[in-house]
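K.L.:
The letter at position 385 of the sequence shown is residue 377 when you use this note's numbering, and the numbering goes up by one with no holes.
Glycine is no exception: its CB is placed at the ideal position from the N, C-alpha and C atoms.
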Amino acid sequence: MAEGKKLVIVESPTKMRSIQGYLGDGYEVLSSVGHIRDLADKKDIPAADKQAYGKYSIDVDNDFDPYYVVSDRKTKTVAELKRALKTADELLLATDEDREGEAIAWHLLETLKPKVPVKRMVFHEITKDAIQAAIGNTRELDTDLVDAQETRRILDRLYGWDVSPVLWYKVKTGLSAGRVQSAATRMIVERERERMAFVSAEYWDVEALASSSSGFKVRLVRVDGGQLARGTDFDDEGKLKKAVVILDEKKAAALAHAVDAAGTGAVTKVEAKPGTRSPYAPFTTSTMQQEAGRKLSMSAKQAMSVAQRLYEKGYITYMRTDSVALSTQAVQAARSQAVALYGDTAVPLKPRAYKSKSKNAQEAHEAIRPSGENFRTPKSVASELDREEHRLYDLIWKRTVASQMADAKYETTTVTIAVDISAEPSAGAQNAEFTASGTVYTFKGFLEAYEEGRDEKRNDKDADENQSLPVVAVGDELRMSDAEAKGHRTTPKPRFTEASLVKALEEHGIGRPSTFASIIGTVIDRGYATKRGQALVPTWLAFSVVRLLEEHFADLIDYDFTAALEDDLDAIARGEQKRVEWLRSFYYGSDSHVGLRQTVDNLGEIDARALNSTPITDTATLRFGKYGPYLEVANPEAPDEKPRIVNVPEDLAPDELTAAKAQELIDAPVAGDRVLGTNPDNGKIVVVKDGRFGPYVQENDPVSEDAAVDEATGEVVDAPKPKRGAKKAAAPKQRTASLFRSMSVDTIDLDTALRLLSLPRVVGADPESGEEITAQNGRFGPYLKKGTDSRSLESESEIFDVTLEKALEIYAQPKYGAGSRRASSALAEFEADPVSNKPIRIRDGRFGAYVTDGETNVTIPRGQKVEDITFEVAVQMLADKRAKGPAPKRGAAAKKAPAKKPAAKKPAAKKAPAKKAPAKKPAAKTTATDAEKAAARSAAAKKAAATRAANAAKKAGS
């Protein structure tokens, strides 16, 4: 770096490249690639500090002092930043303008310890004008925002590390608890509980076709003046909330017949009501996540990842915001574009101003909008963005432009038709009233550009269908036909989707919108919920976790308490509360709150069995065990008898496990252990079983003719168990083989089972090397094997069908790379890596997805999803892999590692003599023949038998 340059540090490599182009040669822009420091792991804390910091990496007795360390992954990054700082004459910290960005800047300051002037540079869009304006309007570091972020980090560490171990001991190892994560899980579980307790009610009505110049649908709403029941008239227990007329199927069918018989009806009322609809505010983080979920089917995490890329490339403003305000230039840009596209009447006379409801100090910037003074249309940037980026940019652009457009105007017309059915005695009524509604937009306004999506709601089917109605007047006679009785059932509240859960969390004031994506991801990754379409379905594991938290950590999972924590963090960010005082109150307690420490120390006894049990019927209890949920079925006639275990299908939602469904599972015939027949080659019985790790076939020895048989039942009586201490003879291992994914326990036959048991199948020998090629099924799917070289097959059926010629063709192709069969399209693609200057891709390999730039490959860790990998994460993963160097070859671990150099400036401690590993003897002297080994084993066995016999004789003699 040249003398006199100004060093600018951002947290993202993409941001770094964008900003460098706007600042010119007088500046050097480098990236920290996110946080460089975090709370230490226990192993990284020096022995002298273990007592104070050892449990949490926080000294709770000394003002909650955190122990930070530079991440192993960031040591190289920090070294590069320090080298660049040596020749800089000024440091500009240009991380994001929120709490997290402020904290990154503070950690950089603490770690780099610059001796040159330091300024904080902030901006909310990456455009040339915005960056140059930020250079001229720097500020000091906001320590209140830093305190708020640090308090949140400490709070989450204390909460998670105190509560999570309770879940490990009482529910299942590997679980986690968190202040927002646990509240979100509770919301999902509570909704499922409501669905489980819900009692559906049945009601009927009649639909018909009314015709004048054209036909339109009408619905029966009143019979002899009495209001017909709708779904909203019933409560969750299936009981009526008010006095209405309930029709059953027979009565509804009689009314339909009477309407058709009458043939005509008279218009008794025509009501037209005008209305207006106003546009929605521009996107905040929360509303963007919700709409991306509804309209684009993106998860919250995916939406934030795509938005991050758009921001860093300079297409949108900062995507973590609670603000709905637009700058003056943005308002003008939106209005100008609306006029250009939809005409002068598309915008109101005065610009629209939106106000944020948030008190939070960290959201002091704009709503999410296209960047710049003139918005680029989605069409103009289509060639510059990938598919997901373009879809989200299009959504943001439409929402922003629509927010400055005119109101939509409409008119809703409702027609009431009376039908005289007195001529039909079977109807049991004199008059039937039908209605129909239709809405016509007289001016579409903002709807020309954008209409917000909506979440599923209860009893949506009750809503009148919007339709075009003909012009009719009171007194007009209409023809009535095609009357049909329609049955309906009330429905429970729909399950949460990611979009509706984000909305609910925000409404409760729980968590920050910028963290919702990671929170929902954690809920799913921990196994607390699964996705069925867009719906979040809680698992029985989540029921157990929430039950424990409700019974023993009621305050910590209370919605109001959790929201109050968020308000307190906001107050710290505004400088209205002190970090240490607040943490002391939370951890040790106060007059109004029992502290976390006291709660954990006084938990008392927790009955893990009761915690993981849910009664389904009088005899069946749902239990959650190590391998998942199952039904424990007691025999009422023999209460002391061991209960029967019945597996619960993994895809069965909790609200679907009704008493009737449980009985169905109990009564279902057991498909496992079904005898398929006898193997003609060895006479063994072949059975199919449904095991813990999936279905499989197994060979069993035939029942001996000398085996004892119970005359009453005809079953073979088990041989008496050997006495305690007696040596059990090792049973020969029976052959087994897993079923293919395309096979079923119920339909597999003997021939197929025998083919499975015959695997691996010998395909043939390689004519060049003479090595045998086999086809088999493995943990990662079907594959070929030749010595130590294996190649994947496309499908399981190829195991039996692949020929030697085809196998040799597969082996002739490169295993990896552009010419391989597996070199299919990438799962994700990014820009070029800063080091190799080659594009980064995520590909699907035999052992899972991996990141590659064509030179370095890094497997994505288990538990981390492809959509979680951003460009920055991929760059860091590749950098870490390069820093480690090539993996050691097999056997290299046996080589002696170089001794560590003693620490400088310390007196040399007395060196203990190193233990020498026994030298290995030459291979020629240590290798014995099989015959020699067998003889040695035989001699040892004889000696042991003689010793046992002597001891037995001695004992008998005494």
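#1: In terms of DSSP beta bridges, what is H585 paired with?
#2: Please work out which residues of its chain come closer than 7 Å, Cβ to Cβ, to G883, disregarding the five sequence neighbours upstream and downstream, and give them in chain order.
#3: Roughly how many angstroms separate the alpha carbons of G(-4) and A40, rounded to a whole number?
#4: Classify S10 as helix, strand or coil using the three-state DSSP reduction.
#5: Whole angstroms are fine: how far does the CA of P646 sit from the CA of L228?
#6: Using three-state DSSP, classify T404 as helix, strand or coil.
#7: Just mark T919 as buried or exposed, buried being the case when its beta carbon has 16 or more other beta carbons within 10 Å.
#8: Under 6 Å Cβ to Cβ from R727, same chain only, skipping five residues before and after it: list those, please.
#9: Can you give the Cα-Cα distance for L15 and Q124, rounded to whole angstroms?
#10: According to the neighbour-count rule (16 or more other Cβ atoms, all chains shown, within 10 Å of its Cβ), is E3 buried or exposed?
#11: What is the residue span of the alpha helix (DSSP H) that S730 lies within?
#12: Just checking, does the stretch 191 to 205 make contact with the stretch 477 to 485 on the three C-beta pairs under 8 Å criterion?
#13: Using 8 Å for Cβ pairs, my map puts V843 next to A866. What's the rounded Cβ distance?
#14: To the nearest angstrom, how far is the alpha carbon of R149 from that of L84?
#15: Relative to the alpha-carbon of G152, which residue among V432, P724, I549 and A122 has its alpha-carbon at the smallest distance?
#16: List the endpoints of the continuous beta strand (DSSP E) containing E624.
#17: Helix, strand or coil for Y954, going by three-state DSSP, please let me know.
#18: Around the C-beta of E498, are 16 or more other C-beta atoms found within 10 angstroms, so that it is buried, or is it exposed?
#19: Have a look at G286 and I791 and give me their C-alpha separation to the nearest angstrom.
#20: On the three-state DSSP scale, how would you describe V236?
#21: Residues in the same chain with beta-carbon distance under 7 Å from A122, minus the five sequence neighbours each way, listed in chain order, please.
#22: Using only the alpha-carbon positions, how far apart do G513 and T531 sit?
#23: Around the C-beta of K257, are 16 or more other C-beta atoms found within 10 angstroms, so that it is buried, or is it exposed?
#24: Helix, strand or coil: how does DSSP classify P806 here?
#25: Hey, which unbroken runs of the beta strand (DSSP E) at 3 residues or more fall wholly within the stretch 82 to 110?
#26: One question on the structure: do E142 and P5 come within less than 8 Å of each other, judged by their Cβ atoms?
#27: Check this for me: beta carbons of F508 and P271, under 8 Å apart or not?
#28: Is it buried or exposed for Q294, if we count other Cβ within 10 angstroms and need 16 for buried?
#29: Please classify Q690: does DSSP put it in a helix, a strand, or coil?
#30: From K485 to L657, what distance separates their C-alpha atoms?
#31: Comparing the CB of V259 with every heavy atom of the ligand GTP, is any distance shorter than 7 Å?
#32: So which of G669, G675, V679 and V737 has the shortest CA-CA distance to P687?
#33: Skipping 5 residues on each side, what residues in its chain have a beta carbon closer than 7 Å to that of V21?
#34: With H, G and I counted as helix, E and B as strand and the rest as coil, what does DSSP make of E629?
#35: Do you know offhand how far T795's Cα is from R666's?
#36: Which word fits N769, buried or exposed, when buried means at least 16 other C-beta atoms lie within 10 angstroms of its C-beta?
P.N.:
The structure says:
#1: According to DSSP, H585 shares a beta bridge with S582.
#2: Caution applies to G883, whose pLDDT of 47 falls short of 50 and renders its modelled position unreliable; the model cannot decide the point.
#3: Their Cα atoms are separated by approximately 42 Å.
#4: Helix, per DSSP.
#5: This sequence places Asp at residue 228; Leu is not what is there. Rounded to the nearest angstrom, the gap between the Cα atoms of D228 and P646 is 18 Å.
#6: Of the three classes helix, strand and coil, the one that applies to T404 here is strand, per DSSP.
#7: Because the pLDDT of T919 is 42, which lies under 50, any placement of that residue in the model is unreliable, and the number read from its coordinates should be weighed accordingly. Result: exposed.
#8: These residues qualify, in order along the chain: E691 and L749.
#9: Take the alpha-carbon of L15 and the one of Q124: they are about 7 Å apart.
#10: E3 is buried by the Cβ-count criterion.
#11: For S730, there is no enclosing alpha helix (DSSP H); the enclosing beta strand (DSSP E) has its first and last residue at T728 to S730.
#12: Verdict: yes, contact present.
#13: Contact between V843 and A866 holds: their C-beta atoms lie close to 5 Å from each other, under 8 Å.
#14: Their Cα atoms are separated by approximately 31 Å.
#15: Of the listed residues, the one whose Cα sits closest to G152 is I549.
#16: Taken as a continuous stretch (DSSP letters only), the beta strand (DSSP E) holding E624 covers G620 to V625.
#17: A question about residue 954 goes unanswered here, because the residues of the chain that appear run from -7 up to 950.
#18: By the neighbour-count criterion, in which 16 or more other beta carbons inside 10 Å mark a residue as buried, E498 falls on the buried side.
#19: Note on identity: in this sequence residue 286 is Arg, with Gly being the wrong assignment. Roughly 43 Å separates the two Cα atoms.
#20: V236: coil per DSSP, three-state reduction.
#21: Closer than 7 Å at Cβ, skipping near neighbours: F115.
#22: Distance between the alpha carbons of G513 and T531 is about 15 Å.
#23: The sequence given here has Gly at residue 257, not Lys. Burial check for G257: the Cβ neighbour count within 10 Å reaches 16 or more, so the residue is buried.
#24: Three-state DSSP puts P806 in coil, outside helix and strand.
#25: Whole beta strand (DSSP E) segments, 3+ residues: 82 to 85.
#26: No, Cβ-Cβ distance for E142 and P5 is not below 8 Å.
#27: For F508 and P271, no; Cβs fall outside 8 Å.
#28: Q294 sits buried, since 16 or more C-beta atoms from the chains shown fall within 10 Å of its C-beta.
#29: The answer is strand: DSSP assigns Q690 an E or B state.
#30: Whole-angstrom Cα-Cα distance: 26 Å.
#31: Summarising the ligand content, the structure contains no ligands, and the ligand GTP is consequently not present.
#32: Taking only the C-alpha atoms, the option nearest P687 is V737.
#33: Same-chain partners within the cutoff: V0, V2, M8, I11, Q12 and L15.
#34: In this structure, E629 counts as coil in the three-state DSSP scheme.
#35: R666 has its alpha-carbon roughly 33 Å from the corresponding atom of T795.
#36: Buried.
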